[in-house]
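Asker: Take this structure first; my questions come after.
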Amino acid sequence: MIPTLTAPVHWRQIDLLSDLHLGADTPGTLARLERYLAETPAQAVLLLGDIFEVWVGDDARHEPFEASVVRLLYEASRRLDLFFMHGNRDFLVGAELLADAGMPLLPDPTVLDAFGQRWLLVHGDAQCLADAAYQAFRSKVRSTEWQAQVLAQPLDARRALGRQMREGSRAAQAAQLMATDLDAGACRALLAEAGAATLIHGHTHRPAEHALGDGLKRVVLSDWDFDGTPVRGDVIRLSAAGLQRLPL
Ligand code: MN
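Numbering follows this note's numbering, in which position 4 of the sequence shown is assigned residue number 4; successive positions increment by one, without gaps.
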């Protein structure tokens, strides 16, 4: 049974974004998020994973960079309804960070019931079935045993582990991300289970709209990068008028 988030009537516009990969070394992207949160007319903002480049445990939330993000999110959460879904980089985000940032957890997958439609929301990594090695890694790191074992290590050790996992090779990771995509059969099956026609996700960093047959489709968010050139990033806005992609 896929959990459902029912939009309250005062949500006239709902924004979806993902894959900001926030880190201390990308201040431009954090600044763009700050400006976006200040300017958006939406009543709800749903963060669909990989908001952080890496998250090694909620005790890191008091470090200078992480604390600045928490403050920004908390301030935004006082004006609008924020929700957070785990990505494959920030799956260790836990209850303490969520509470401090004022954002409830959105399970992956979630059905959003809004404007008379059902929208299926996922991060996207769980549907990349062709990458068997990644799926094995995913089930390991999503297990409570593995997480408890890792979280028992000192913060410095976890930071080193996070760096190691990421630096394994950025080039190899980028190539892997390009080589894998969501499995169309898995997406169709999940949409059928959800009773939804549209799947919205991030993860692949390949913004597009794909027809899945029988009127089903999947809509892919862009990642954000406001530190390099050209800059990129987008938001998908849902309203009574339907789905709209807004480049930033
Ligand atoms: Mn991802």
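Here a beta-carbon is modelled for each residue, glycine too, at the ideal position from N, C-alpha and C.
Would you report the Cα separation of residue 117 and residue 179, rounded to the nearest angstrom?
Answerer: Rounded to whole angstroms, the gap between the alpha carbons of residue 117 and residue 179 is 32 Å.
Asker: Within the 7 Å Cβ cut-off, does residue 55 reach chain B?
Answerer: Of the chains in the structure shown, none is chain B; there is only one protein chain.
Asker: Evaluate the contact criterion for the region 186-206 versus the region 135-147: three or more CB pairs, one atom per stretch, below 8 Å.
Answerer: No contact exists between the region 186-206 and the region 135-147.
Asker: Taking 5 Å as the limit, name every residue whose beta carbon sits nearer than that to some heavy atom of the ligand MN, in sequence order.
Answerer: 50, 87, 88, 203
Asker: Is residue 227 near the ligand MG, judged by its Cβ being under 6 Å from some heavy atom?
Answerer: The ligand MG is absent from the structure shown, which contains only the ligand MN.
Asker: Terminal residues of the continuous beta strand (DSSP E) containing residue 198?
Answerer: 198-201
Asker: Looking at the unbroken alpha helix (DSSP H) that takes in residue 130, where does it start and where does it end?
Answerer: Careful: residue 130 lies outside any alpha helix (DSSP H) and carries neither H nor E.
Asker: Would you mind sorting residue 62 into buried or exposed? The rule is 16 or more other CB atoms within 10 Å of its CB.
Answerer: exposed
Asker: Just verifying my parser: in three-state terms, what is the DSSP assignment at residue 9?
Answerer: coil
Asker: Can you grab the Cα-Cα spacing for the pair residue 3 / residue 161, in whole Å?
Answerer: 33 Å
Asker: Tell me residue 242's beta-bridge partners as DSSP assigns them.
Answerer: 239
Asker: Going by beta-carbon coordinates alone, are residue 254 and residue 18 separated by less than 7 Å?
Answerer: Absent from the model: residue 254. The displayed extent of the chain is 1 to 248, so no value can be given.
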